[in-house]
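Notes for the one structure printed next.
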Amino acid sequence: MSKLLCLSICLNIAGASAISIATTAEPSVAGPITGGSQGHPFVADPVAEGYLEAEYFMSGTATRYARAGEWTADGRWDVTPDGTDEYTVRLWVRRPEDPARFNGVVLVEWLNVTAQREIPGDYLLMREEIIRSGYAWVGVGAQVAGIHAPETGLKAWDPERYAPLNLTSDAFSYDIFSQAGRVLRNPGDVDPLAGLRPATLLATGRSQAAYRLVTYVNAVHPLHRVYDGIFLHSRGQTGAGLTTTGLTEAASEPMPEGANIRLDTDIPVFDLQAEGDLVVLRSHLARQPDSDHYRRWEIAGSAHVQTPRWVATPPMDMGFGCAEPVNTATHHAFVKAGLNAFTRWVRDGTMPPQPADIELADPAADDPIARDEYGNAIGGVRIPQVDVPTATLDGRRNEPAENGGPMAMFCFLYGTASTFDSVKLARLYPTHEAFVSQYNACVDRLLAAGYLLAPEAEEARAAAAASDIGARKRS
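Numbering (the numbering used here), first residue to last: 66 to 540.
Right, dumping it as structure tokens:
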């Protein structure tokens, strides 16, 4: 995979909000959208064989919310309506061409705008599992930057195609995301899914989008209950504010630190964290016990952003101009397994496994992780690169290199890597067979436990076999 910058209750339950929130009129949908100077949707990588891509515009009136009462770390957050405004945003759809291939599940992704453009952070990591299992996927552009950022937003990229789009504030994003789900379940004259009827509607979002989904599940889901489950990927230690623009916290509404998912939620919430999320996003402060509606996986050795390689050997990648070599853990493989486990949980009640947490040394330290003799994290989901190591792989903060370029500002999300020298490798793996045997045993354990899927397990085994770890050097 290429380097990806991903830079996402019933009201009668005791203690839940008793406020009645009026639902605005259902939005209208136009499309499929064509034309424009670019001639295709923004961020249109090749569509897989057997899949179709289309783009639609959703227009309506969205509600802005305000806090009702105090918000604390328990996540029981109540809201009240605080005005409305009109909007037009895009729905980006990828679906099986043959309806018989559709598995009945629609993934609705809150598109990430940290890089001032709409990025499908989860789709890019889940893509192979989405395609082979027959999901439909819909990206929702619910934030201002994705549309209006001066040089990188949709309207700048293709002014003709995206001329109708308009959104005045991220405060309306939460209701827009609810409206998108309702349109997919009950389409009007224009059906973005072209006749596919979802049996299951799952929300997903990565990084900044996961911050917003924390707030969504705690404060907005109880009002409308649109989604059957929510996949939080690389969230931080709290949620996004109701009036927050991007990740800038409004001084008038500071968010509680260490915000949990509310215990009285009525849908499965799956929380997948890279080691780097615990370090740079401080998500370890929001840990909570697993429950009937909450599971969390912490992936040891992985960074927030991946530059994946199954076996870490020189030369190492420097990312987009980072000071140190970047982490090479295969984050994507465990996201795909997480999606598979999450879907089975929502559809048939099969609970995902709950791994041990990554162990902490000093929770207040810049790097809070407890590390083994090789510098790798202890605990968590034990990926092959940390259980059978050839390098130190961590999620700690990387820095931009001098003259690293404009994208180097995101180096803090890439983690670091330091490969072992030949002496250490020879001591650990005196033969190639010794390395491959240990590596494959780790892969087998992950596969049996459900933390890895068969196609990725095969990729991992092939990479170990093709490596030169433990091989005798020719003189």
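Here a beta-carbon is modelled for each residue, glycine too, at the ideal position from N, C-alpha and C.
Note: Asn231 is bridge-paired with Thr153 in the DSSP secondary-structure output. Following the DSSP letters along the chain, one finds Trp175 inside the beta strand (DSSP E) bounded by residues 170–175. Out of Glu183, Tyr239, Ile196, Trp202, the CA that lies nearest to the CA of His213 is found in Glu183. Here DSSP, grouped into helix, strand and coil, assigns Arg141 to coil.
Judged by DSSP in its simplified three-state form, Glu118 adopts strand.
One thing to note: Glu521 has its Cβ within 9 Å of the Cβ of Thr395.
For Gly148, the number of other beta carbons within 10 angstroms of its own is below 16, and it is reported as exposed. For Ser502, the enclosing alpha helix (DSSP H) starts and ends at 497–514. Of Val173, Ala368, Pro333, the smallest CA-CA separation from Val411 is found for Pro333. Contact between Val508 and Leu517 holds: CB atoms are separated by about 7 Å, below the 8 Å threshold.
Membership of Gln208 in any beta strand (DSSP E) is not indicated, and neither H nor E is assigned to it by DSSP. When secondary structure is reduced to three states using DSSP, Gly148 falls in the strand class.
Given a length threshold of 4 residues, each whole run of the alpha helix (DSSP H) inside the segment 276–315 is given here in chain order: 286–289.
Annotated three-state conformation of Met474 is helix, per DSSP. Shown here, Leu346 sits in coil according to DSSP, grouped into three states, outside any helix or strand. Between Leu261 and Gly211, the gap from beta carbon to beta carbon reaches 9 Å or more. The Cβ atoms of Ala268 and Phe237 lie no closer than 9 Å to each other. Per DSSP, the beta bridge partners of Glu363 are Gln338.
Look at Gly104 here: in three-state DSSP terms it is coil, with no helix or strand label. In the structure shown, the three-state DSSP call for Tyr130 is strand.
In this structure, Gly366 lies near Asp459, with their beta-carbon atoms less than 9 Å apart. The C-beta separation of Arg300 from Asp336 comes to about 7 Å, placing the pair in contact by the 8 Å criterion. The beta carbon of Asp452 sits closer than 7 Å to the beta carbons of Cys507 from its chain, once the five residues preceding and following it are set aside; these are given in chain order. Just so you know, the alpha carbons of Ala430 and Arg159 end up roughly 42 Å apart.
DSSP places Leu249 inside the alpha helix (DSSP H), whose first and last residues are 238–250.
In terms of Cβ geometry, Ala127 and Glu151 form a close pair [threshold 9 Å]. A straight line joining the alpha-carbon of Val203 with that of Ala514 spans about 30 Å.
The beta carbons of Pro420 and Gly403 sit about 11 Å from each other, so the pair does not count as a contact at 8 Å. Taking C-beta atoms under 8 Å as the contact rule, Ala201 and Pro161 qualify, at a distance of about 7 Å. A direct Cα-Cα distance of roughly 11 Å separates Asp223 from Leu230. In terms of Cβ geometry, Asp235 and Val255 do not form a close pair [threshold 9 Å]. Of all C-beta pairs linking the segment 461–475 to the segment 385–393, three or more are shorter than 8 Å, placing the two stretches in contact.
Inclusion of Val285 and Leu297 in the CB contact set at 9 Å is not warranted, their separation being larger than that value. Within the same chain, Cβ atoms closer than 7 Å to the Cβ of Val501 are found at Ala529, Ala530, the five residues on either side in sequence being excluded.
In the structure shown, the three-state DSSP call for Val94 is strand. Membership of Asp459 in the beta strand (DSSP E) is indicated by the continuous run 456–459.
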